[in-house]
Amino acid sequence: MKELNNTTPHNAEEYDVNVRKTIPYYETIHQEAIDLIKTVKPDARVWLDTGCGTGYMVEQAYPHFPHTHFIICDPAPKMLEEAKRRLANIPSDRLSILEPVGTQELENKIKNKVDVITAIQAHLYLLRDERKKATENCFNLLNKSGIYVTTENIHPLSARGVEIGLARWTNFQLQAGRSKYEVEEHTRRFNKKYFPITVEEHLQLLRNVGFKTVEFFWYAHMQAGFYAITGNEAQP
Ligand SMILES: C[S@@+](CC[C@H](N)C(=O)[O-])C[C@H]1O[C@@H](n2cnc3c(N)ncnc32)[C@H](O)[C@@H]1O
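Okay, so the sequence shown: first residue is 1 according to this note's numbering, each after it adds one.
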């Protein structure tokens, strides 16, 4: 298999075309996350998009948040190069780009707390302890009523659920035009190149690191989305 320049199955230069053939509802996932943040934090001062990839989230969010400063980061230099290109028209007082870094290493990299953190399909490559560290960093970086929004590939609740989920995902990718070989390679990544956890484990992790309001807002195929707010609201 070819050598890749980031943790996804696609080279950064080909990512935008291929991701849409790989993740069902890719664009809808971003639109749903933006809609959620528009509702909860329309006046966000600072928004960190970690695991920004090629910068699609900020490109989409930017017009809706005219008073927000965006910070982007990603551990893959090639992804950041693509993001810089895509976001070249955003003035520097509205966008900061960090040196390559993963969320689990983010402490001390950002001076002031932020209002929003998004991590879209970014933390699934982390092993359990690293994922916990990444989630703690997000909690600690957020202001008192800050919101964390994350989506990931999910581990279904049963072995049969995994079979069914992967079979549907295979069909989706074949219909989207990926080759049989590419799809088989992708299916082999489950639990080997990325490490999905269940919806229940996600909710528990978010509560364990200290978030007071913990919800999930999206589930289709094998992707789910969660949001968590730092302070003040008790669980029902
Ligand atoms: C599937 S892409 C998603 C990119 C972008 N968020 C999007 O929605 O298109 C996964 C991204 O997560 C990044 N990534 C991998 N490990 C990470 C980590 N530990 N922390 C943050 N981002 C990570 C990869 O480099 C890649 O750019």
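The beta-carbon is built from N, C-alpha and C at its ideal position, and this holds for glycine as well. All figures in this text were calculated on a predicted structure; none of them were measured in a lab.
If you ignore the 5 residues before and after PRO9, its C-beta comes within less than 6 Å of the C-beta of HIS186, all in its own chain and listed in chain order. The closest CA to that of PRO156, considering only ARG20, ALA83, HIS221, CYS52, is found on HIS221.
For CYS52, the three-state secondary structure derived from DSSP is coil. Pairing HIS69 with LYS38 gives a Cβ-Cβ distance that is not under 8 Å. The three-state reading of DSSP puts GLU152 in strand, counting E and B together. Pairing ALA176 with PRO24, the inter-Cα distance amounts to about 9 Å. The secondary-structure analysis by DSSP pairs SER96 across a beta bridge with ILE71. Within the DSSP secondary-structure output, VAL114 pairs in a beta bridge with LEU142. ARG86 places its beta carbon less than 8 Å from that of GLU59. Distances taken from the Cβ of VAL19 to the heavy atoms of ligand 1 include one shorter than 7 Å.
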